[in-house]
Amino acid sequence: MYMWSIKTIALVFFVFTSSFVLAQGVPGADENIPFLVTFGNEAEQGYGDDDFSQSFFFVVPETQITPVFIRIFDPNVGGEIDENIGGFNTKTRFSVYGGAKTYSEQDAQKIDPVGKFKSGNMLDSRVFGDELEFDDKWFNFGPYNPKEGEFVEELGGYVFKVISEGIVGNDGNLFRYFMSVDKDKNEEVEGGNAFTYEYSFRLHDDVDQVSHIYPYVGEGVISIKQYNFDFDADGVLRVISIAKNGELMNTSREADWATSTHTIKDEEHNTSLDIQFIKAKSKKIKNNNIVFYLTNQYGEFLPFYTVPIGGIPKFRYKATIKKKSE
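Note that my numbering has the sequence shown beginning at -10, numbered continuously upward.
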């Protein structure tokens, strides 16, 4: 059985980041996603969250010597940003993990919040309700010595994990992350990045806005299977790559899953895909939350990097010249 090698990711990641400064905003600027979302564990799944939990990994390069902060924008559940379901009654727990097994524990690399997904040493944890002091503002976890993360040689640095959990209520907590070297502003860690195996996020209300996520495809992947939840049939999903020019994916309806399988060509190995969420202009659906993940042919989960490894993929048109028959 082929084990999808993250070492290949690390090599491309190193080459790409050695020349560029990468932002650690989550979602990333190129993704054009307004917010991540985690609902309280009493919410109906039709609101767009299948398991009320989401994990993100932050990679701090081995060369980083100064402390880092994990910042959360609008961590509370109240105010205009969050989704109010009959009056705010929700609490969200954010927890930061580092040390041994933070990433390398296999349960941590899966999409369901079961088993040992909270692996590692808990460095910080805080529960947020409807406190106005955190509304529309940044909250800091840290500072952390980079070596407090788990060193993962294949990723070229130290890994921290942040888990959001809706522990009470039925409202939607909409928020963003940023890994920063400054506690008072978003100042990126040079060469850092962030990734997840399952994305739970809010789509734009504006039908002209297209959101993107960027899974990385390593060597040996011959096919991928995509899973999307609660898309509400709000337009189309398509994938762009160096070999695909808008291949369509099956889309889900409310509180439902949809899947489709897509062949990976040799030239797509060691590149990122651009999965695009294009809203239907006629429907004008608002407050649409969606869950999305991918597996390879062996059922192994593929990571989505907030800054695409190798850059945003562009389709490479190949002209075919046919010899005129005599």
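We put the beta carbon where it would ideally sit given N, CA and C, even for glycine.
On a predicted model such as this, the values are computed, not experimentally measured, just so you know.
Distance CB(residue i)-CB(residue j) smaller than 8 angstroms
{"i": "ASP195", "j": "ASP219", "result": "no"}
{"i": "LYS172", "j": "PRO135", "result": "no"}
{"i": "LEU262", "j": "VAL225", "result": "no"}
{"i": "ILE301", "j": "ASP19", "result": "yes"}
{"i": "THR240", "j": "LYS214", "result": "no"}
{"i": "TRP127", "j": "PHE190", "result": "no"}
{"i": "THR52", "j": "GLY138", "result": "no"}
{"i": "ILE298", "j": "TYR186", "result": "no"}
{"i": "GLN13", "j": "ALA183", "result": "yes"}
{"i": "GLY29", "j": "GLY118", "result": "no"}
{"i": "LYS99", "j": "PHE304", "result": "no"}
{"i": "VAL15", "j": "TYR188", "result": "no"}
{"i": "THR260", "j": "SER230", "result": "yes"}
{"i": "GLU257", "j": "ALA232", "result": "yes"}
{"i": "ASP197", "j": "ASN277", "result": "no"}
{"i": "GLN265", "j": "HIS193", "result": "no"}
{"i": "TYR282", "j": "TYR216", "result": "yes"}
{"i": "GLY155", "j": "THR91", "result": "no"}
Those residues which DSSP pairs with residue i across a bridge
{"i": "LYS150", "result": "PHE46, TYR86"}
{"i": "ASN225", "result": "Looking at the sequence provided, one finds Val at residue 225 rather than Asn. Bridge partners of VAL225: ILE267."}
{"i": "ASN182", "result": "VAL48"}
{"i": "TYR287", "result": "Answer is none; TYR287 lacks a bridge partner."}
{"i": "ILE61", "result": "PHE128, TYR166"}
{"i": "THR260", "result": "VAL206"}
{"i": "VAL66", "result": "Answer is none; VAL66 lacks a bridge partner."}
{"i": "HIS201", "result": "GLN265"}
{"i": "GLY14", "result": "PHE167"}
{"i": "ASP113", "result": "VAL85"}
{"i": "LYS80", "result": "VAL157"}
{"i": "ARG191", "result": "PHE24, ASN278"}
{"i": "VAL141", "result": "GLY146"}
{"i": "PHE218", "result": "TRP246, VAL280"}
Any non-hydrogen atom of the ligand PLP within 7 angstroms of residue i CB
{"i": "GLU143", "result": "Of ligands this structure carries none, so the ligand PLP is not represented either."}
Distance between beta carbons of residue j and residue i, contact taken as under 8 angstroms
{"i": "TYR203", "j": "TYR294", "result": "6 angstroms"}
{"i": "ASP160", "j": "ASN65", "result": "Contact flag wrong, Cβ pair sits at about 11 angstroms."}
{"i": "ASP71", "j": "LEU163", "result": "5 angstroms"}
{"i": "VAL280", "j": "GLY76", "result": "With a Cβ gap of about 25 angstroms, VAL280 and GLY76 do not count as contacting."}
{"i": "SER153", "j": "SER271", "result": "Their Cβ separation, rounded to whole angstroms, is 33 angstroms, which puts SER153 and SER271 out of contact at 8 angstroms."}
{"i": "SER108", "j": "VAL141", "result": "Going by Cβ atoms, the distance from SER108 to VAL141 rounds to 13 angstroms, so no, they are not a contact pair."}
{"i": "GLY17", "j": "VAL296", "result": "5 angstroms"}
*Evaluate contact between the region 79 to 98 and the region 17 to 24, counting only Cβ atoms and requiring at least three cross-stretch pairs below 8 angstroms.*
no
_Check whether the region 90 to 107 and the region 50 to 67 touch, using three or more Cβ-Cβ pairs below 8 angstroms as the test._
no
*Does the region 44 to 51 come close enough to the region 141 to 158 to have 3 or more Cβ pairs within less than 8 angstroms?*
yes
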